[in-house]
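A.B. asks: First, the structure itself, so that you have it in front of you.
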Amino acid sequence: MIENNFSNRVYRKHQEKLFALVRMPIVTEETVQEAILYMCEIVADMLAVDTVSIWHFDTSYQSISCQVAYSHESGTHYPELTVHRALAPDYFDALQTDRILAFEDVRNHPLVKDLYKEYFVEGKRVYSMLDAPIYANNRAKGVICCETFLPREWNYLEELIVSTLADFIAILYFRLDRQAVDTHIRRLAYTDELTGLLKDVGFIEKVDAERQRHSQQLGAMVYLKVDDFRSVEDAIGIEKSDEIVREAANRLRRYVDESKLSRLSQSGFAIWLPYGDRIKLNTVADELCEALVRDPFIVDELEVILTVSAFIAVEQEDLTTLQMIHRTRIAASERGLQRAAIVFYEEEMGTKAANRLILEMNLRSGLAGNEFLLYYQPKIDALTGSLKGFEGLMRWNHPERGLVPPLDFIPLAESTGVIIDLEEWAFVTACRQLKRWHERGERYELALNLSARHFLSEGVVEKFAQIAREEGVCTSYLTLEITESVGMENQQHVIDRFVAFREEGFSISIDDFGTGFSAFVYLKHYPIHEIKIDRQFIQVTENDPTGNVIVESIVDLARGLNLKTVCEGVETLEQWNALRELGCDEMQGYYFSRPLPLEELEEWIADYTTQKRDA
28 MIENNFSNRV YRKHQEKLFA LVRMPIVTEE TVQEAILYMC EIVADMLAVD TVSIWHFDTS
88 YQSISCQVAY SHESGTHYPE LTVHRALAPD YFDALQTDRI LAFEDVRNHP LVKDLYKEYF
148 VEGKRVYSML DAPIYANNRA KGVICCETFL PREWNYLEEL IVSTLADFIA ILYFRLDRQA
208 VDTHIRRLAY TDELTGLLKD VGFIEKVDAE RQRHSQQLGA MVYLKVDDFR SVEDAIGIEK
268 SDEIVREAAN RLRRYVDESK LSRLSQSGFA IWLPYGDRIK LNTVADELCE ALVRDPFIVD
328 ELEVILTVSA FIAVEQEDLT TLQMIHRTRI AASERGLQRA AIVFYEEEMG TKAANRLILE
388 MNLRSGLAGN EFLLYYQPKI DALTGSLKGF EGLMRWNHPE RGLVPPLDFI PLAESTGVII
448 DLEEWAFVTA CRQLKRWHER GERYELALNL SARHFLSEGV VEKFAQIARE EGVCTSYLTL
508 EITESVGMEN QQHVIDRFVA FREEGFSISI DDFGTGFSAF VYLKHYPIHE IKIDRQFIQV
568 TENDPTGNVI VESIVDLARG LNLKTVCEGV ETLEQWNALR ELGCDEMQGY YFSRPLPLEE
628 LEEWIADYTT QKRDA
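Counting from 1 along the sequence shown, just add 27 to a position and that's the residue number in the numbering used here.
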């Protein structure tokens, strides 16, 4: 009987030790291993059994392996034993569902008799066995197994004790698993998976501590960012681009203490430097940029040559580390198209960024509040002077600022994506007005600008064709003007998009033609309908024969390719006459009319058509 196996004093000693093990402040693989060794000894002592062993399931529950065994004869040992489910499936099922498994005769019990000869720790000498599964995190992790060499009738108290000890072990396993999860979560929160560098959370903690230690010394936050890394990703793919990012991080490690280095964006790294002097910071930042890109990055035998810019915020006492990081990002947003730049944050940058944010919020609310208008600028037949149609141009009538110049809100709308909603609104508005003109017998054409972001977006062709059908407008009267730079995005994709628009009946015009080095590629390869010659060439036609030669060359080339030419920016009668002589098809500009709101436009149409009729 169990009562005769140990005294109360021994029981209390073991109990105190068990509670101490479960409550130990730090749980590691080593401390848990020490604990289960002691558990085996305790069980052997308390239950007076010959052998105690602890086994673990594999992750698929197809096998169970012995981790450690203890016997009075052999002490602690580590048998290399693994039991496979296929040999005793019912036994495996019972281990995963039952609280206790008691076997008085393992040689004849149906669950384990097939395991007897080969797998029991002490081989043929084992007669009775008591198993208590170890449950951690609501699943069986293993089992504590007690064996005797003589027949044993297991009583309730013995079963209770061994199952309780199994629970003690389960608590340790649970704490170990939880600690591993916490460690993993902390690693995910603090460490960038791609580069192994600190993420912003861990980086800020490190820099905060550094700033406290050196509170009398000014430092600075530097944000190093690869210029136009998006183009690299587009060219070689995300996976290979990640290789460049990893290599960039490794290069920076050679020059910067890793505790003061963080990856903040796809190709951007933050560095804390212990300098507050701008001249010194400029020098160090320049050296870091040079060290980062001095050698090309090799990806599958391809040499990728990059440039890097540095954005710097000098420390101020009232600024948090996060605020300084934010300042470097503001400086980066003000860099524009400049490459290999070193830019210091200035206070006016923050003011400008705040105003831009306010404008962006107003932009979104303005679209919802019907604050946008469509102005129309006439397009005139160069030969006859007759009115051919209009270009629709967006205007924003802000309730406080009045008319906001397009250059103030169009770039912001493009960078934030609001441009897509704006241009869809403009297209719907234009279609409705075009239908009104057509219904009263005026078969005008209408041109609208389409941003690169919208033009290259998925579904834009189908969307515009659907709108035209719903509004009852024939697409052959609609022209979409695309800036010349769009063609540099992805040539085949652009050609496919042009073809799709043409198949729906739209005309395509290349705006600002002649300002890009790839201009004539459009004429040769792209299925377009017209080109708009940039105003900078028109404005020199009166006095500069070179301007005439350029315009004449473009017009002749366009005519040979059966393309219509539109000259914009016509401001004088002399320019009109000169462009007409050069063979331009249509023109627009202030000589005829500035862009007008609809009410003023209708008056202008009436006056202009009357003058033409009278003439």
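Quick reminder that beta carbons are idealized off the backbone N, C-alpha and C, glycines included. All values reported here derive from a predicted model rather than from experimental measurement.
In chain order, which alpha helix (DSSP H) runs of at least 4 residues are fully inside the segment 102–175?
C.D. replies: If we require 4 residues or more, the alpha helix (DSSP H) runs fully inside the segment 102–175 come out as 116–124, 143–146.
A.B. asks: In terms of residues, what are the limits of the alpha helix (DSSP H) holding V259?
C.D. replies: 256–263
A.B. asks: Could you tell me if T124 is buried or exposed, where buried requires 16 or more neighbouring beta carbons within 10 angstroms of its beta carbon?
C.D. replies: Around the CB of T124, fewer than 16 other CB atoms lie within 10 Å, so the residue is classed as exposed.
A.B. asks: Among residues of its own chain, excluding the 5 on either side of K226, which ones have a beta-carbon nearer than 8 Å to its beta-carbon?
C.D. replies: By the criterion of a C-beta distance shorter than 8 Å, K226 is surrounded in its chain by A216, Y217, T218, D219, S289, R290, once the five residues flanking it on both sides are discounted.
A.B. asks: Quick one: Cα of P432 to Cα of K267, how far?
C.D. replies: 42 Å
A.B. asks: In three-state terms, what does DSSP make of G393?
C.D. replies: In the structure shown, the three-state DSSP call for G393 is helix.
A.B. asks: Quick one: grab the DSSP three-state call for I332.
C.D. replies: coil
A.B. asks: Look up K287 in the DSSP assignment and say whether it is helix, strand or coil.
C.D. replies: helix
A.B. asks: Which of helix, strand or coil does DSSP assign to V226?
C.D. replies: The amino acid at residue 226 is misidentified as Val; the sequence shows Lys. If DSSP states are grouped into helix, strand and coil, K226 belongs with coil.
A.B. asks: Taking 8 Å as the threshold (C-beta atoms), are Q404 and L414 in contact?
C.D. replies: no
A.B. asks: Report buried or exposed for M614, applying the criterion of at least 16 other Cβ atoms within 10 angstroms of its Cβ.
C.D. replies: Burial check for M614: the Cβ neighbour count within 10 Å reaches 16 or more, so the residue is buried.
A.B. asks: Would you be able to state if there are at least three C-beta pairs under 8 Å between the segment 488–508 and the segment 433–449?
C.D. replies: Counting Cβ pairs under 8 Å, fewer than three are found: no touch.
A.B. asks: Do the CB positions of L475 and E508 come within less than 8 Å of each other?
C.D. replies: Taking 8 Å as the Cβ cut-off, L475 and E508 qualify as a contacting pair.
A.B. asks: Should H481 be labelled buried (16 or more other beta-carbon atoms within 10 Å of its own) or exposed?
C.D. replies: buried
A.B. asks: I think V79 touches C67, with their Cβ atoms under 8 Å apart; what is that distance to the nearest whole Å?
C.D. replies: 4 Å
A.B. asks: What is the DSSP secondary structure of C501, counted as helix, strand or coil?
C.D. replies: coil
A.B. asks: In or out: Y402 buried (at least 16 other Cβ within 10 Å) or exposed?
C.D. replies: Result: buried.
A.B. asks: Is it a yes or a no for the segment 91–109 touching the segment 175–189, going by three-plus beta-carbon pairs under 8 Å?
C.D. replies: No, because fewer than three Cβ pairs between the segment 91–109 and the segment 175–189 fall closer than 8 Å, the two stretches do not touch.
A.B. asks: Apply the 10 Å Cβ neighbour rule to Q602 and answer buried if 16 or more other Cβ atoms are within range, or exposed otherwise.
C.D. replies: buried
A.B. asks: When you compare only the Cα positions, how much space is there between V272 and E557?
C.D. replies: Cα to Cα, V272 sits roughly 43 Å from E557.
A.B. asks: On the three-pair Cβ rule with 8 Å, is the segment 328–338 touching the segment 365–385?
C.D. replies: With the cut-off at 8 Å, the segment 328–338 and the segment 365–385 touch.
A.B. asks: What's the gap between the Cα of A134 and the Cα of Y154?
C.D. replies: What sits at residue 134 in the sequence shown is Arg, not Ala. Going from the Cα of R134 to the Cα of Y154 covers about 7 Å.
A.B. asks: Give me, in chain order, the residues of the same chain whose beta-carbon lies closer than 6 Å to that of S286; leave out the 5 immediate sequence neighbours on both sides.
C.D. replies: K233
A.B. asks: Going by beta carbon distance, what residues of the same chain come within less than 6 Å of P301, once the five residues before and after it are set aside?
C.D. replies: G246
A.B. asks: Could you compute how far the alpha carbon of L166 sits from the alpha carbon of N277?
C.D. replies: For the sequence presented, residue 166 should be read as Arg rather than Leu. Straight-line Cα distance between these residues: approximately 42 Å.
A.B. asks: Any idea what DSSP makes of Y403, helix, strand or coil?
C.D. replies: strand
A.B. asks: What first and last residue would you give for the beta strand (DSSP E) that runs through I306?
C.D. replies: No beta strand (DSSP E) contains I306, which is instead part of the alpha helix (DSSP H) from 305–320.
A.B. asks: Taking the C-alpha atoms as reference points, what is the distance between L652 and A71?
C.D. replies: Since the first residue shown for the chain is 28 and the last is 642, residue 652 is missing from the structure and cannot be characterised.
A.B. asks: Between Q60 and I332, what straight-line distance do the alpha-carbon atoms span, to the nearest angstrom?
C.D. replies: Rounded to the nearest angstrom, the two C-alpha atoms are 53 Å apart.
A.B. asks: Going by DSSP in three states, V95 sits in which element: helix, strand or coil?
C.D. replies: V95 carries a strand assignment under DSSP once its states are collapsed to helix, strand and coil.
A.B. asks: Return yes when the C-beta of I231 is under 7 Å from any heavy atom of the ligand GDP, and no when it is not.
C.D. replies: What this structure holds is no ligand at all, so the ligand GDP is not there to describe.
A.B. asks: Find the nearest neighbour of I407 within the set R202, L138, E598, judged by alpha-carbon distance.
C.D. replies: In this structure, E598 is the residue among R202, L138, E598 with its C-alpha nearest to the C-alpha of I407.
A.B. asks: Which residues in the same chain as A197 place their Cβ atom closer than 8 Å to its Cβ, once the five residues preceding and following it in sequence are excluded?
C.D. replies: Excluding residues up to 5 positions away in sequence, I161, Y162, A163, K168 lie with their Cβ nearer than 8 Å to the Cβ of A197 in the same chain.
A.B. asks: Pick helix, strand or coil for D194, following the three-state DSSP scheme.
C.D. replies: helix
A.B. asks: Alpha carbon to alpha carbon, how far is T637 from D254?
C.D. replies: 56 Å
A.B. asks: Excluding the five sequence neighbours on either side, which residues of its own chain have a C-beta within less than 7 Å of the C-beta of L349, listed in chain order?
C.D. replies: I231
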